[in-house]
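K.L.:
Number of protein chains: 2
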Amino acid sequence: MALIVQKYGGTSVADASRILRVADRVAAARHAGNEVVVVVSAMGDSTDELLALASRVSPDPAPRELDMLLTAGERISMALLAMAIADRGATAKSFTGSQAGIITDTLHGRAKILDVRAGRISDALREGHVVIVAGFQGVSTDLDVTTLGRGGSDTTAVALAAALGAEVCEIYTDVDGVFTADPRLVPDARKLHVVSYEEMLEMAATGARVLMLRCVEYARRTGVRLHVRSSFSDAPGTWVLEEDERMEKAIISGVSYDTSEAKVTLVEVPDRPGVAARTMRLVADEGINVDMIVQNVSHHGTTDISFTVPKSDLARALRVLEQVRGEVGASGVSADGDIAKVSLVGAGMKSSPGVSATMFEALADAGINIEMISTSTIRISCVVRARDVAPAVRAIHERFKLSQEAEYRHEHPDGTAEIPVIPREVPT
Amino acid sequence: MALIVQKYGGTSVADASRILRVADRVAAARHAGNEVVVVVSAMGDSTDELLALASRVSPDPAPRELDMLLTAGERISMALLAMAIADRGATAKSFTGSQAGIITDTLHGRAKILDVRAGRISDALREGHVVIVAGFQGVSTDLDVTTLGRGGSDTTAVALAAALGAEVCEIYTDVDGVFTADPRLVPDARKLHVVSYEEMLEMAATGARVLMLRCVEYARRTGVRLHVRSSFSDAPGTWVLEEDERMEKAIISGVSYDTSEAKVTLVEVPDRPGVAARTMRLVADEGINVDMIVQNVSHHGTTDISFTVPKSDLARALRVLEQVRGEVGASGVSADGDIAKVSLVGAGMKSSPGVSATMFEALADAGINIEMISTSTIRISCVVRARDVAPAVRAIHERFKLSQEAEYRHEHPDGTAEIPVIPREVPT
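Quick mapping for you: the protein sequence lines, in order, are chains H and Z.
Per my numbering, the very first residue in the first sequence carries number 382; after that it's consecutive.
Per my numbering, the very first residue in the second sequence carries number 382; after that it's consecutive.
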């Protein structure tokens, strides 16, 4: 008997018939002898509907009250799911974030989980119930209701899996798992059987939407094994695990892309110590999330500093840069919203020096210009024109032959699922 | 500075524009220097929508989960109201039933309030906030979310008013107050300025829908002064008070009616001691709510026992009576769903022996047959044919000249509102 945490997103519980399908799946897991904790999001776009209601009564809703409002969404889906499970020969009890002991800080709208006091959950499991928990929400140290921000339900699921020592945290979604590239851009993209936490972090950070960064970070920190899979099929999805749970490493896991950012540039900045630091401090003080930063080599005593920011922060970033321009003495500020970032992620590239050269060649052969480059030990990102994003992803995917199955599987010792092992070599 | 509890029903917060209107009213009360606690119901028919959702996922939803589901409704309306108030120069904090310390027993769907631990509410008031509380809900001694059943939000408001020692509990609704008769039946029905708890109890019990019995009972027991008024106007409504808060008594307050009951009769029961007791014990054991009971005089050693039950309990009542028939030896069982109950309520009738005769004459002059009669010290109820209900109410209202203003007002000592005093005499 294993303890399993399952998380179902909004599309999986979008209407009554889908809730019944989820109930079937949960009941099957329970009848198979498992202890089951289910974390649910709000139904379909009900959260957006609540936000629209809020905007009709207030131009700038109080954050505490917005959290109170939004948490009604999971309350509805979880109660409905518990009712449906009760008709399938299992008993179920639903719990709000507060009842489930999800203790957070007091930052409404983007609270962080400080502690999980899962006593009531453990009691309910011991009494034989399937436990349904509202995702995305908690209770603050001030006893107010809080929400965890985007992707919060995934984080709730991982936090509960960690607190309860679950065998696996299954993230059910509307895709089959994590792919080597977005299948809408690359039709022969391949589903990955397994990726490491680090790879998944880089992919999430560079545009893969299947899991939020925060949830993957929490899983890595607590060692929770994730299984990302479709709520519409029984096929296994993608496991996210410690790297050393796999016997060998893939060189490349996949290609991700992100069109949500803009590039801003401070032009002809005096090239002297402290200027870059001062610039980024002022930007950081504004709470603007900076991603890639590139400073060109000095030319006639000045240099250009470029960085990418979310498009939603662009107006604020430009205001700050205008202020910085005066202070440090740059000649101008420019902005470019027409860019995309294409990233190649793979834990094996650490020890394969040819990877970045191969990636740049693939782009060059496709006639695509690279505007900015940044790298980590397991990722290479290039900024290109927005119109080039699809050909860029396809060219890289093709060059690294990512659609070819380069893995073999073995049976996982606990028998809960096949956990595949990544193979000896992938062409570079 | 007074502490005021205001309760707004579902129609008062049915959409964003109505919520803004309620926010205006609440903010005005706050800006006038009062401490304000607001109890809200769910928006419009959102509770019915949630019930419909539940019926789509389960034929017989688990009561605990149904309560979890339904309590989402007030969560939405209260958060929206708090946001809107914050835009009107006041600060507001919303609290669920659980956060507000509404402690109930464990009977899901019809929980009773056992205690009100209003510490957080008092703290928030002391900090200068308007406090918004979800009506209709609480938390059980088992820490599960419960609902209070029909009219539960009124009870929440009264319970909070009692716990906080509020000056008044204002019940805002979609009518102007309590009338001498249903204005849809009697166009010249008059709004009452004041009624006693006892009169209001009798009127609620006999079909007046403006306040639920339970809420009035709670108010009487705790001495909470109610003011029933419209959320669509500033006109004063109807006060519900201790009888001795008024200087003199009206003989008649109003005429109410109820078409939700059916009459059942056990025919030709042996007229011997214990038969009626045995009959009513079996009916009570089935949990059937019996209202009027009439036993005719004995005739050839047998009698008929008739009583009224809610139509929703009719099938069960007939099953019980069939069993009783065999046991006590009656000749048959009959049922009649085509009846109505018309009641005359007034604290002054205790000392006015002519009232019942006048009422019966009014019905007789209108050609209406009386099928059953029951009385209390301040109420007379007659069962008539269902088709006769409107003419019966009109005839009685006319005979007692209830549309004529027979009251005078004086200024209430606390200045919060004019509390009228009921007059010397009303014609019988």
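By construction, the Cβ of each residue, glycine as well, lies at the ideal position given by its N, Cα and C atoms.
Since the structure is predicted, the reported quantities are computational estimates derived from the model, not experimental observations.
From this set, 554/Z, 432/Z, 658/Z and 453/Z, which residue's C-alpha is nearest residue 608/Z's C-alpha?
P.N.:
Locating residue 608/Z in the second sequence gives position 227, where the first residue counts as 1. For the residues 554/Z, 432/Z, 658/Z and 453/Z, the minimum Cα distance to residue 608/Z belongs to 554/Z.
K.L.:
Just to confirm my understanding: we take residue 677/Z, look at its own chain, exclude 5 residues before and 5 after, and list those with CB closer than 7 Å. What are they?
P.N.:
Your numbering for residue 677/Z matches position 296 in the second sequence. So the qualifying residues of the chain are 684 and 685.
K.L.:
Would you kindly work out how many angstroms separate the C-alpha atoms of residue 527/H and residue 386/Z, rounded to a whole number?
P.N.:
Looking up residue 527/H in the first sequence gives position 146. Looking up residue 386/Z in the second sequence gives position 5. If you take the alpha carbons of residue 527/H and residue 386/Z, they lie about 27 Å apart.
K.L.:
Should residue 414/Z and residue 472/Z be called a contact, given that it needs their Cβ atoms to be closer than 8 Å?
P.N.:
Position 33 of the second sequence, counting from 1, holds the residue named residue 414/Z. Position 91 of the second sequence, counting from 1, holds the residue named residue 472/Z. No.
K.L.:
For residue 476/Z, which residues does DSSP report across the bridge?
P.N.:
Taking the first residue of the second sequence as 1, we reach residue 476/Z at position 95. The partner list for residue 476/Z (beta bridge, DSSP) reads 514/Z.
K.L.:
Determine the closest residue to residue 486/H out of 455/H, 445/H and 568/H, with distance taken between C-alpha atoms.
P.N.:
One-based indexing of the first sequence puts residue 486/H at position 105. Measuring from the Cα of residue 486/H, the nearest candidate turns out to be 445/H.
K.L.:
With distances taken between CB atoms, is the gap from residue 450/H to residue 503/H smaller than 8 Å?
P.N.:
In the first sequence, the residue the question calls residue 450/H occupies position 69. In the first sequence, the residue the question calls residue 503/H occupies position 122. The Cβ-Cβ distance between residue 450/H and residue 503/H does not fall below 8 Å.
K.L.:
Which ranges would you report for the beta strand (DSSP E) in the segment 685-760 of chain Z if only whole runs of at least 3 residues count?
P.N.:
713-717, 720-726 and 753-757
K.L.:
Taking only runs of the beta strand (DSSP E) that begin and end inside the segment 386-434 of chain Z, which ones reach a length of at least 3 residues, in chain order?
P.N.:
416-421
K.L.:
Closer than 8 Å, CB to CB, is residue 401/H near chain Z or not?
P.N.:
Here residue 401/H corresponds to residue number 20 of the first sequence, with the count starting at 1. So yes, residue 401/H belongs to the interface.
K.L.:
Taking the C-alpha atoms as reference points, what is the distance between residue 547/H and residue 418/H?
P.N.:
Numbered from 1 along the first sequence, position 166 holds the residue referred to as residue 547/H. Numbered from 1 along the first sequence, position 37 holds the residue referred to as residue 418/H. Their backbone Cα atoms lie some 9 Å apart in a straight line.
K.L.:
Counting only Cβ pairs nearer than 7 Å, list the residues of chain Z close to residue 407/H.
P.N.:
For this step, residue 407/H is matched to residue 26 along the first sequence. Here the premise fails: no neighbours, minimum Cβ distance about 13 Å.
K.L.:
Compare the C-beta of residue 493/Z against all C-beta atoms of chain H and say whether one is closer than 8 Å.
P.N.:
Start at 1 with the first residue of the second sequence, and residue 493/Z comes out as number 112. So no, residue 493/Z is outside the interface.
K.L.:
Quick one: give me the first and last residue of the beta strand (DSSP E) that residue 527/Z is part of.
P.N.:
Sequence index remark: in the second sequence, residue 527/Z carries index 146 (1-based). First-last of the beta strand (DSSP E) with residue 527/Z: 526-528.
K.L.:
For residue 780/H, I'd like the list of residues in its chain whose CB is within less than 7 Å of its CB, leaving aside the five on either flank, ordered along the chain.
P.N.:
Along the first sequence, one-based indexing puts residue 780/H at 399. Result list for residue 780/H: 739 and 743, in chain order.
K.L.:
Could you tell me the boundaries of the alpha helix (DSSP H) in which residue 502/H lies?
P.N.:
For the purposes of this step, residue 502/H is identified with residue 121 of the first sequence, where counting begins at 1. That run of the alpha helix (DSSP H) goes 500-507.
K.L.:
By DSSP, does residue 567/H sit in helix, in strand, or in coil?
P.N.:
As a position in the first sequence, residue 567/H is number 186, starting the count at 1. In this structure, residue 567/H counts as coil in the three-state DSSP scheme.
K.L.:
Relative to the C-alpha of residue 384/Z, which candidate in 407/Z, 391/Z and 390/Z has its C-alpha closest?
P.N.:
To locate residue 384/Z, count along the second sequence from 1; it is residue 3. Minimum Cα distance to residue 384/Z is reached at 407/Z.
K.L.:
Among residues of its own chain, excluding the 5 on either side of residue 538/Z, which ones have a beta-carbon nearer than 6 Å to its beta-carbon?
P.N.:
Taking the second sequence and counting its residues from 1, one reaches residue 538/Z at position 157. If we look at residue 538/Z and ignore the five residues flanking it on each side, its Cβ neighbours are 386, 388, 420 and 550.
K.L.:
Which same chain residues end up closer than 7 Å to residue 466/Z when comparing Cβ atoms and leaving out the 5 residues on each side of it in sequence?
P.N.:
Along the second sequence, one-based indexing puts residue 466/Z at 85. Counting only Cβ-Cβ distances below 7 Å, and skipping sequence neighbours, we find 404, 407, 408, 473 and 511.
K.L.:
Give the straight-line distance between the Cα atoms of residue 644/H and residue 587/H, rounded to the nearest whole angstrom.
P.N.:
Within the first sequence, residue 644/H is the residue found at index 263, counting from 1. Within the first sequence, residue 587/H is the residue found at index 206, counting from 1. Rounded to the nearest angstrom, the two C-alpha atoms are 15 Å apart.
K.L.:
Note the first and the last residue of the continuous beta strand (DSSP E) segment covering residue 495/H.
P.N.:
Stepping through the first sequence from its first residue, residue 495/H is reached at position 114. Its beta strand (DSSP E) spans residues 494-497.
K.L.:
I want to see whether chain Z comes within less than 8 Å of residue 789/H, judged by CB atoms only; does it?
P.N.:
In the first sequence, counting from the first residue as 1, residue 789/H sits at position 408. Confidence at residue 789/H is low in this model, with a pLDDT of 37, below 50, so its placement is unreliable and the value that follows should be read with caution. Output row for residue 789/H: interface = no.
K.L.:
Suppose contacts are defined by Cβ-Cβ distances below 8 Å. Is residue 722/H in contact with residue 774/H by that definition?
P.N.:
Within the first sequence, residue 722/H is the residue found at index 341, counting from 1. Within the first sequence, residue 774/H is the residue found at index 393, counting from 1. Not in contact: residue 722/H and residue 774/H (Cβ atoms no closer than 8 Å).
K.L.:
At which residue ranges does the segment 630-683 of chain H contain complete beta strand (DSSP E) runs of 3 or more residues, listed in the order of the chain?
P.N.:
635-639, 642-651 and 674-676
K.L.:
If the cut is a Cβ gap below 8 Å, which residues of chain Z does residue 522/H touch?
P.N.:
Indexing the first sequence from 1 puts residue 522/H at position 141. In chain order: nothing, as chain Z lies at least about 14 Å away.
K.L.:
If the criterion is Cβ atoms closer than 8 Å, does the pair residue 603/H and residue 559/H meet it?
P.N.:
The count along the first sequence starts at 1 and reaches residue 603/H at position 222. The count along the first sequence starts at 1 and reaches residue 559/H at position 178. No, Cβ-Cβ distance for residue 603/H and residue 559/H is not below 8 Å.
K.L.:
With residue 580/H and residue 634/H assumed to form a contact (beta carbons below 8 Å), what rounded beta-carbon distance in angstroms separates them?
P.N.:
Here residue 580/H refers to the residue found at position 199 of the first sequence. Here residue 634/H refers to the residue found at position 253 of the first sequence. Contact holds; Cβ gap of about 5 Å.
K.L.:
Mind checking whether residue 622/H and residue 575/H have CB atoms under 8 Å apart?
P.N.:
The residue you call residue 622/H lines up with position 241 of the first sequence. The residue you call residue 575/H lines up with position 194 of the first sequence. In contact: residue 622/H and residue 575/H (Cβ atoms closer than 8 Å).
K.L.:
Run the CB neighbour count on residue 746/Z, radius 10 Å, all protein chains shown included, and call it buried at 16 or more, exposed below.
P.N.:
In the second sequence, residue 746/Z corresponds to position 365, counting from 1. Residue 746/Z should be labelled exposed.
K.L.:
For a test of the three-state rule: what should DSSP assign to residue 574/Z, helix, strand or coil?
P.N.:
Reading the second sequence from its first residue, position 193 is the one you call residue 574/Z. Coil.
K.L.:
Under 6 Å Cβ to Cβ from residue 441/H, same chain only, skipping five residues before and after it: list those, please.
P.N.:
Start at 1 with the first residue of the first sequence, and residue 441/H comes out as number 60. By the criterion of a C-beta distance shorter than 6 Å, residue 441/H is surrounded by no residue of its chain, once the five residues flanking it on both sides are discounted.
K.L.:
If you run the structure through DSSP and keep just helix, strand and coil, what is residue 519/H?
P.N.:
By one-based count along the first sequence, residue 519/H stands at place 138. In the structure shown, residue 519/H sits in a strand (DSSP, three-state: E or B).
K.L.:
List, in order along the chain, the chain Z residues whose C-beta lies closer than 9 Å to that of residue 464/H?
P.N.:
Counting from one through the first sequence, the residue named residue 464/H turns up at place 83. Correct list: 435, 438, 439, 441, 442, 443, 446, 447 and 450.
K.L.:
Measure the CB-CB distance between residue 520/H and residue 483/H and report whether it falls below 8 Å.
P.N.:
Working through the first sequence from its first residue, we reach residue 520/H at position 139. Working through the first sequence from its first residue, we reach residue 483/H at position 102. Contact flag set, yes.
K.L.:
Whole alpha helix (DSSP H) runs in the segment 587-622 of chain H with 4 or more residues, listed along the chain?
P.N.:
594-603
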